[in-house]
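In this note's numbering, the protein residues as written are 82 to 435.
Note that the Cβ used here is the ideal one computed from N, Cα and C, for glycine as well.
Since the model is a prediction, treat every value here as computed from it, not as a measurement.
Beneath this line is the structure, given in structure tokens, with notes to follow.
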Ligand SMILES: Cc1cc2nc3c(=O)[nH]c(=O)nc-3n(C[C@H](O)[C@H](O)[C@H](O)COP(=O)(O)OP(=O)(O)OC[C@H]3O[C@@H](n4cnc5c(N)ncnc54)[C@H](O)[C@@H]3O)c2cc1C
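What follows is the structure in structure tokens.
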């Protein structure tokens, strides 16, 4: 083998961290360039690891494969803040919930049907458990910023360099991308991987590449830490919530990216009132802060992963990046370094928008 391949990873959220970690593990010479360590969307995420309803079968299997990859990664990087706490879900009318259970159960998802007594036994603080919900024991959550920081720190131990800078554009030489122009100067490399969330759009545009990515907002309220109230993820019709490793209850109202409106504080306060109302013994539950994050969502909802436009350029931008990070990290590192095409990434190429 010749010299090590040098890869610039632009982005230090959950996706950039995972790609950088997998590249260094595979022996590459890696430079991570980012404005924000820990990411932009990543710190504002609900961070539910799932392959839940609403997706076609091929994407269900991709997401579920990544759920397994989180376990592989945890074995390689002990101490990752993962919680395989399971979920209880009733954010669909009962007939559609039953259809979801039947369909995903048929695809191999471990779905259980629960009545209100069983729901109360699992989540005794729920004030009004529904008559019917489904539970998925294999779902979980991760504290995403800490996980990204752990992957980046381990990558640095393995030799990765970190440059805190703004990337202004790509350097092009003929049909290849050969580096990036940053606020700290030019950096050249064999490959550039754009794992910069919604920030990938202007960077790709500097080489004439259009990335059809939207960034709708998502509100999450965070309580002050308190003693155990929730055992797992609760995905109800009007809100979803979980208790973090720190003991905070965090909650959002929808996964679609609805606008929190002009008075975000008021919207957050109203959501927190709903959280309190949904739990027993909630007098000591107080809101600490709220976040409004922007979900990097490709126009058709599926990830954009792969080489695009020029040799030497790789893009990895997606929603559900928290669920998908370990799988995308390993597949992207392998495609970048080996040049081999991975068939499981075929549905996610940018060329589908052409
Ligand atoms: C409210 C909300 C709830 C969510 N819930 C879930 C969920 O439950 N489950 C799930 O799987 N996913 C969820 N997501 C989606 C998930 O959080 C994102 O898909 C994921 O965090 C994207 O990570 P990323 O690393 O690609 O991007 P980001 O976290 O946005 O990181 C981008 C990185 O690129 C850097 N960057 C960008 N532009 C430049 C530039 N020009 N120069 C230098 N650096 C640059 C930034 O500094 C940052 O380091 C949610 C998102 C939101 C907002």
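- Under the criterion of beta carbons closer than 8 Å, residue 300 and residue 352 qualify as touching, at roughly 7 Å.
- About 3 Å separates the CB atoms of residue 250 and residue 287; that is less than 8 Å, so the two are in contact.
- Non-local C-beta neighbours of residue 342 in its own chain, meaning closer than 7 Å and more than five positions away in sequence, comprise 348, ordered along the chain.
- Excluding residues up to 5 positions away in sequence, 221 lie with their Cβ nearer than 6 Å to the Cβ of residue 165 in the same chain.
- Placement of the Cβ of residue 175 at a distance of 7 Å or more from every heavy atom of ligand 1 is found.
- For the pair residue 110 and residue 186, the Cα-to-Cα distance works out to about 43 Å.
- The C-alpha of residue 169 is placed about 32 Å away from the C-alpha of residue 103.
- The stretch 413-422 makes no contact with the stretch 117-126, as fewer than three CB pairs between them are under 8 Å.
- Per DSSP, residue 84 is not a residue of any alpha helix (DSSP H), being assigned neither H nor E.
- Between residue 86 and residue 271, the C-beta gap is smaller than 8 Å, which places the two residues in contact.
- Non-local C-beta neighbours of residue 197 in its own chain, meaning closer than 7 Å and more than five positions away in sequence, comprise 210, 211 and 212, ordered along the chain.
- Listed in chain order, the alpha helix (DSSP H) elements of length 4 or more contained wholly in the stretch 130-190 are 138-157 and 175-187.
- The three-state reading of DSSP puts residue 112 in strand, counting E and B together.
- By the Cβ rule, the stretch 256-273 counts as touching the stretch 88-101, because three or more pairs are nearer than 8 Å.
- Counting the other Cβ atoms within 10 Å of the Cβ of residue 369 gives fewer than 16, which makes it exposed.
- For residue 326, no beta strand (DSSP E) run applies, since DSSP gives it neither H nor E.
- Proximity of the beta carbon of residue 248 to ligand 1 is indicated: a heavy atom of the ligand is located closer than 7 Å.
- Membership of residue 400 in any beta strand (DSSP E) is not indicated, and neither H nor E is assigned to it by DSSP.
- With a cutoff of 7 Å, residue 123 counts as near ligand 1, since its C-beta is closer than that to a heavy atom of the ligand.
- Ranked by Cα distance from residue 359, the options 390, 323 and 429 are led by 323.
- Listed in chain order, the non-local C-beta contacts of residue 126 below 7 Å within the same chain comprise 225, 374 and 403, local neighbours out to five positions each way being set aside.
- Between the stretch 123-138 and the stretch 321-335, the count of Cβ pairs shorter than 8 Å is three or higher; the stretches touch.
- By the neighbour-count criterion, in which 16 or more other beta carbons inside 10 Å mark a residue as buried, residue 365 falls on the exposed side.
- Annotation: residue 189 to residue 132 spans about 11 Å, alpha carbon to alpha carbon.
- Taken from the Cβ of residue 127, at least one heavy atom of ligand 1 lies inside 7 Å.
- The three-state secondary structure of residue 220, taken from DSSP, is coil.
- In this structure the stretch 145-163 does not touch the stretch 297-311; the number of beta carbon pairs closer than 8 Å is below three.
- Less than 8 Å separates the beta-carbon of residue 195 from that of residue 214.
- For the pair residue 227 and residue 145, the Cα-to-Cα distance works out to about 22 Å.
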